[in-house]
Amino acid sequence: MDQQDIRNFCIIAHIDHGKSTLADRMLQITGTISERGMMAQVLDTMDLEREKGVTIKASAVRMNYRAGDGKVYELNLIDTPGHVDFAYEVSRALQACEGAILVVDASQGVEAQTLANLYLAMGNDLEIIPVVNKIDLVSAQPDAVAEEIDEILGVPAADVLRISAKDGANVPALLEAVVARVPPPRGQRHQPLRALIFDSHYDAYKGVIAYVRVVDGSIETGQALRLMSIELRIEPIEIGIFSPNMTPTGRLEAGEVGYVATGLKTVSDCRVGDTVTWDGNPADRPLPGYTPMKPMVFASAYPSEAGDYIALREALARLQLNDASLTYQPESSQALGYGFRCGFLGLFHMEIIQERLEREYDLDLVFTAPSVEYEVTKTDGSEIVIDSPVELPEETAIREIREPWVRIDVFTPTEFIGPVMDLVTNRRGQFKAQEYLDQRRVLLSYDIPLVEILTDFYNELKARTRGYASLDYHFNEYRPADMVRLDVLLNKEPVDALSMIVHRDQIHIKGQKLVSKLKDVIPRQQFDVPIQAAVGSKIVSRANVKAVRKDVLAKCYGGDITRKRKLLEKQKAGKKRMKMIGSVQIPQEAFMTILKLDEE
Amino acid sequence: MHPPVALYIHVPFCAARCPYCDFNTCAGLEALFEPYAAALVAEIRRAGAALNRPSARTIFIGGGTPTALPPALLARVLAACRGAFEVATDAEITGEANPGTVDQARFAALREMEVNRLSMGVQSFDDGELRWLGRIHTAEEAVTAFAAARAAGFDNINLDFIFGLPNQDPATWDRTLAQAIDLGPEHLSLYSLTVEDGTPLADQVRRGFIPKPDDDLAADLYLAACETLAAAGYVQYEISNWARGISESANQRISESQIRNSQSAIRNQCRHNLVYWRRELYLGFGAGAHSFAGERRWWNVRSVPAYIQRIGGGKSPEAGRETIERRLAMGETLMLGLRLVTEGVPDARFEARFGVGLDAAFGPQIRRLVAQGLLERLPDRVRLTPTARLLGNRVFAEFLPGE
Ligand SMILES: Nc1nc2c(ncn2[C@@H]2O[C@H](COP(=O)(O)OP(=O)(O)OP(=O)(O)O)[C@@H](O)[C@H]2O)c(=O)[nH]1
Ligand code: SF4
Ligand SMILES: [Mg+2]
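For the protein sequence lines, the chains are A and B, in the order given.
Take 10 as the starting number for the first sequence in my numbering and just add one per residue.
Take 25 as the starting number for the second sequence in my numbering and just add one per residue.
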């Protein structure tokens, strides 16, 4: 197809503002999906996405659209996630597009990721088409929201399209606007191939599937290709498009979006951000690619059964293909054996990875509590960076520890300024700026230690603002902090995986909370289990899990042995998710209790 | 020749529903008594004919409350058993009875149809506890019912009790036990109160209206009962079951060895329930009843009307079945057999059934449990240690799949 007739665009917004639902309508109007194949948020194909009602992965789909001018256009749409932890997905999608639809919920207005994603899109020089969505809602305030858009984007409120992704109102007009306003791609069709890998996944039969945006040249079946960064020759086994399922076409041309089934079995060879070119007549220079994201949160993953280590390694490698923001490194723990230290973009990201590993790869895992990265200057003058409590040197060997601080932007209705301020200052936050969007809404900026917003900050924020506030954050700088390691001893044995780094002022409070939470989650064993929290050799708090006295089913009734047995099997399956440490069984939850220390 | 079987007959009717009970039973279905009994008769006849009238060693009429059913109907059902099966002359025929639905005439009628063992759900001798449990009878009525049963000629009586009610006073439990011992039944079953999903009790606990029963308290009460009953000459032969040793001297202290050797304690065990624990054949009739034969287990539809309809329409009442493969069968043998706290699982029986020794099949599990002090490895059998009687699940689970 002539590049003039191609439009590549993505849909961006704050979480839940209706991106995936809008994609549904477009797929329907263009007849890409039959009425029978239609379901809500059809592009959210992962079980997890459907269960949580949240987009996790960006997904690309090609549509053929007959526009008002009578011509058929090829539209390549990328639906993106709205959650702050998946901003990396958005930024990659943007590089495959010339335009972006910015969706704003008519009842919620502009929120934190509306702005964050808008700035990302502007940074990529994309044509931005703002729309107010959900105008069908009784609580919709399309005019006010259009004003807000005017405020942030300078588009006259009257020019902002008002749509309902749910009932389809004005979505045809939006498609027309895409055709009219998103510039066509301007690739060099006669130059050597340059295609950007913006995503990938692993297929058991076809190997690594690279999702590509062809910038220059073209790809055709039978042609040998090359991954530029590692100069690896590949012979693709299939070329095609997403519509939305993978559909072979045998050809992709400059300006188009599609996939290349590389046949590669070595997952690490194919990196997101790499450029694909012709092997015979390679391009001179690769495309810019992506700046890798810096993980914010770290936690360890260990297989419940030591024998699953290799399976876990393989699973991480494949998952990384599909989620380039995941990082991991092998490590070992006295308590948990061999596993991996993983880096995540946030807690939600961590939760998703954990669930994907367990479901998609059928692994039973123990995850340790999340930590941030610290910079440490030792007394000998050397500098180290640690992301795990066990790596923290002896107190006497430390001259200074610095912890990461972030800048947070909180969007909230003005009446909640007080409660938000309160929450942030209670967590060592420092006020920076306040900016009124309009009379009802304000943007508050603070600097705050990252560790303070990890545990339950977001829920608290939502609770204090009746769900109205939204949050965005960016790494800011490292600042000195008086941190120490709090260790946990179970049955007198230190459990390295339960250690945490805490502020010296909080030793006693955290220690007490930690042991009492652990006491609640560690099941009673056949013997008493003392739990102690210690800093160095000093015990700061203790508790005791009393021995179990009774664990037996009373009645074997009327010969219903099957039920009895199933109950026991269930109990046993529950135990399976536990980790034996010494002679003590610890449930997976225990490692996560640290997360909930701030909850009452 | 089909090997001898045990028969279970389910009577899913009660005068009122107890809030803790999750058995398959209903109150207020009087209109279905007659058709239900007819369906039972039909199912029993069919099963007997299909197996060529095998012999039956025990019959257990359970519920629900069998005594809720008019005696004439029960008699018809038992007559059907005798017609369809070769019921041994010394067969144990047990009828469950609720102390609130019986009188001398009812007991006489049961004797008439040759029911020779009675199992009464007394639950407590404290009226406050009985009310809390939603029972329809008082302590005094239970005592009267017991006397009436004796007067009617029952010389093999079991009493059921429940312990571990939330905040139960140990002194009340002691008094209940003392009174039970005073009556001198041949058999006692003590069950700890379990909050079963879907019962009104579970609902109340979930809403926080009633505290959750406390396992530590239950453990204390259980140990107290073990001691009291042993001193009174009752021999514990299963986790929840005791048989009276020397009948004449129930109130006298007797030595452990005397009890072990006591023939009467063995005679007083419930032969029907032993069939379950030893994993032998049984056939269950009635709504929701379970059956087990060979390596197959199956169960009937739970709903009474559905059961009647299926039988009436000449269809099978079966609602589900499972085939138990060898490994699981072995595990079940331990899960069930270890409940018999003195008998345990004898090597000889296990080997005869599976052609492989206990240690060959479960060596690592047995060694682990012995090391944990939960299992005793005797030269000819394995059995629970006294501590493990309260921790049975931990032992049983080891032998089940799912590692
Ligand atoms: N009433 C109404 N509801 C809508 C409309 N568009 C979306 N919704 C609802 O809003 C919720 C979120 O919609 P999604 O399409 O999943 O939102 P999203 O922006 O893709 O969310 P993330 O991908 O998680 O960021 C769903 O319950 C939709 O049914 C609309 O136009 N009107
Ligand atoms: S009498 Fe027995 S079977 Fe009937 S409801 Fe009460 S406990 Fe359940
Ligand atoms: Mg979505």
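Cβ coordinates follow ideal geometry from the N, Cα and C atoms, glycine included.
All values reported here derive from a predicted model rather than from experimental measurement.
Answer with yes or no whether the minimum CB distance from LEU31/A to chain B is below 9 Å.
Locating residue 31/A in the first sequence gives position 22, where the first residue counts as 1. No, no contact with chain B.
Return the CA-CA distance between ILE348/B and THR258/A, expressed in angstroms with no decimal places.
As a working note, residue 348/B is residue 324 in the second sequence. As a working note, residue 258/A is residue 249 in the first sequence. Their backbone Cα atoms lie some 51 Å apart in a straight line.
Quick check on PRO532/A: does DSSP put it in helix, strand or coil?
Taking the first residue of the first sequence as 1, we reach residue 532/A at position 523. If DSSP states are grouped into helix, strand and coil, PRO532/A belongs with coil.
Assuming ARG203/A contacts GLY231/A under a Cβ cut-off of 8 Å, what Cβ separation, rounded to an integer in Å, is found between them?
By one-based count along the first sequence, residue 203/A stands at place 194. By one-based count along the first sequence, residue 231/A stands at place 222. With a Cβ gap of about 19 Å, ARG203/A and GLY231/A do not count as contacting.
Less than 8 Å separating the Cβ of SER479/A from some heavy atom of ligand 3?
As a working note, residue 479/A is residue 470 in the first sequence. SER479/A Cβ: outside cutoff for every heavy atom of ligand 3.
Using the beta-carbon of each residue, find all residues closer than 5 Å to any heavy atom of ligand 3 and list them in chain order.
LYS28/A, SER29/A and THR64/A
Is LEU401/A helix, strand or coil when you go by DSSP?
Locating residue 401/A in the first sequence gives position 392, counting from the first residue. Secondary structure of LEU401/A (DSSP, three-state): coil.
Applying a beta-carbon distance threshold of less than 8 Å, which residues of chain B neighbour GLY568/A?
Numbered from its first residue, the first sequence carries residue 568/A at position 559. Counting only Cβ-Cβ distances below 8 Å, GLY568/A has contacts in chain B at TYR32, TYR300, TYR306, GLY308, ALA313, HIS314, SER315 and PHE316, in chain order.
Looking at the structure shown, is GLN448/A part of a helix, part of a strand, or coil, going by DSSP?
Looking up residue 448/A in the first sequence gives position 439. Here GLN448/A sits in coil by DSSP.
Run through chain B and tell me which residues come within less than 7 Å of ARG558/A, C-beta to C-beta.
As a first step, residue 558/A is located in the first sequence; it is residue number 549 there, counting from the start. Those are ASP239, ASP240, ALA243 and LEU414, listed as they occur along chain B.
Let me know the secondary structure DSSP gives GLU272/B once reduced to three states.
Here residue 272/B refers to the residue found at position 248 when the second sequence is read from its first residue. Confidence at GLU272/B is low in this model, with a pLDDT of 45, below 50, so the placement of that residue should be treated as unreliable; the coordinate-derived value is given next. In the structure shown, GLU272/B sits in a helix (DSSP, three-state: H, G or I).
Are there any heavy atoms of ligand 2 lying less than 8 Å away from the beta-carbon of ALA313/B, as far as the coordinates show?
Within the second sequence, numbered from 1, the residue matching residue 313/B stands at position 289. Checking every heavy atom of ligand 2 against the Cβ of ALA313/B, none is found closer than 8 Å.
Give the residues from the segment 571-584 of chain A that approach chain B closer than 7 Å (Cβ to any Cβ), ordered along the chain.
Within the segment 571-584 of chain A, those residues whose Cβ lies closer than 7 Å to any Cβ of chain B are, in chain order, THR571, ARG574, LEU577, GLU578, GLN580, LYS581 and ALA582.
Is HIS23/A near ligand 1 - that is, is its Cβ less than 8 Å away from at least one heavy atom of it?
Residue numbering aside, residue 23/A sits at position 14 when the first sequence is read from its first letter. HIS23/A: yes, Cβ under 8 Å from ligand 1.
Those runs of the alpha helix (DSSP H) which lie wholly inside the segment 44-116 of chain B and span at least 4 residues:
57-74 and 95-108
For GLN117/A, which of helix, strand or coil comes out of DSSP?
Within the first sequence, the letter at position 108 stands for residue 117/A. Looking at GLN117/A - three-state DSSP - the assignment turns out to be coil, as it is neither helix nor strand.
Look at the alpha carbon of MET302/A and the alpha carbon of HIS199/A, and state the distance between them as a whole number of angstroms.
Residue numbering aside, residue 302/A sits at position 293 when the first sequence is read from its first letter. Residue numbering aside, residue 199/A sits at position 190 when the first sequence is read from its first letter. Distance between the alpha carbons of MET302/A and HIS199/A is about 34 Å.
Within-9 Å CB hit, THR168/B to chain A:
Translated into the one-based positions of the second sequence, residue 168/B becomes position 144. Chain A, which has no Cβ nearer than 9 Å to the Cβ of THR168/B, makes this no.
GLU461/A - DSSP class collapsed to helix/strand/coil:
Taking the first sequence and counting its residues from 1, the one referred to as residue 461/A is at position 452. GLU461/A: helix per DSSP, three-state reduction.
Compare the C-alpha of GLN192/B against each of ALA173/B, GLY379/B, LEU157/B and THR162/B and name the closest.
Taking the second sequence and counting its residues from 1, the one referred to as residue 192/B is at position 168. For the residues ALA173/B, GLY379/B, LEU157/B and THR162/B, the minimum Cα distance to GLN192/B belongs to LEU157/B.
Could you name the residues of the segment 372-400 of chain A whose beta carbon sits closer than 8 Å to any beta carbon of chain B, in the order they occur along the chain?
none
Proximal residues, the segment 103-124 of chain A versus chain B, C-beta separation under 7 Å:
none
Reducing DSSP to helix, strand and coil, say where LEU31/B ends up.
Stepping through the second sequence from its first residue, residue 31/B is reached at position 7. LEU31/B falls in the strand class under three-state DSSP.
Which runs of the beta strand (DSSP E), 3 residues or longer, sit entirely within the segment 264-343 of chain A?
Listed in chain order, the complete beta strand (DSSP E) runs (minimum 3 residues) inside the segment 264-343 of chain A are 266-270, 284-287, 306-312 and 336-342.
Would you mind working out which of ALA310/A, LYS66/A, GLY40/A and GLY27/A sits nearest ALA49/A, comparing C-alpha positions?
Here residue 49/A refers to the residue found at position 40 of the first sequence. Ranking the options by Cα distance to ALA49/A, first place goes to GLY27/A.
Per the contact definition of three or more C-beta pairs closer than 8 Å, is the segment 146-154 of chain B in contact with the segment 162-171 of chain B?
yes
Could you check if GLN276/B is buried or exposed, using at least 16 other CB atoms within 10 Å of its CB as the buried criterion?
For the purposes of this step, residue 276/B is identified with residue 252 of the second sequence, where counting begins at 1. Because the pLDDT of GLN276/B is 49, which lies under 50, any placement of that residue in the model is unreliable, and the question is left without a value.
Please list the terminal residues of the continuous alpha helix (DSSP H) segment that includes CYS250/B.
Residue numbering aside, residue 250/B sits at position 226 when the second sequence is read from its first letter. Unbroken alpha helix (DSSP H) run through CYS250/B: 239-255.
Can you give me, in chain order, the residues of the segment 350-369 of chain B that have a beta carbon less than 9 Å from any beta carbon in chain A?
LEU352, GLY355, GLU356, MET359, LEU360 and ARG363
Counting only C-beta atoms, is SER453/B closer than 9 Å to chain A at any point?
Examination of residue 453/B is not possible in this model, given that chain B is present from 25 through 427 alone.
What is the rounded straight-line gap between the Cα of VAL365/B and the Cα of VAL419/B?
Residue numbering aside, residue 365/B sits at position 341 when the second sequence is read from its first letter. Residue numbering aside, residue 419/B sits at position 395 when the second sequence is read from its first letter. C-alpha separation (whole angstroms): 13 Å.
Under the three-state DSSP convention, the category GLY27/A falls into:
For the purposes of this step, residue 27/A is identified with residue 18 of the first sequence, where counting begins at 1. Looking at GLY27/A - three-state DSSP - the assignment turns out to be coil, as it is neither helix nor strand.
In chain A, which residues lie less than 8 Å from ASN417/B when you measure between Cβ atoms?
Counting from one through the second sequence, the residue named residue 417/B turns up at place 393. Under the 8 Å cutoff, chain A gives ASP560, VAL561, LEU562, LEU577 and GLN580.
Does the CB of PRO420/B have a neighbour CB from chain A at under 9 Å?
Sequence index remark: in the second sequence, residue 420/B carries index 396 (1-based). First, the residue type needs correcting, since residue 420/B is Phe and not Pro in the sequence shown. Judged by the 9 Å Cβ criterion, PHE420/B is in contact with chain A.
Is there at least one Cβ from chain B nearer than 9 Å to LYS588/A's Cβ?
Looking up residue 588/A in the first sequence gives position 579. Answer no: the Cβ-Cβ gap between LYS588/A and chain B never drops below 9 Å.
Less than 8 Å between the CB of PHE49/B and some heavy atom of ligand 2, yes or no?
Residue numbering aside, residue 49/B sits at position 25 when the second sequence is read from its first letter. Note that residue 49/B is Thr in the sequence shown here, rather than Phe. At least one heavy atom of ligand 2 is nearer than 8 Å to the Cβ of THR49/B, so yes.
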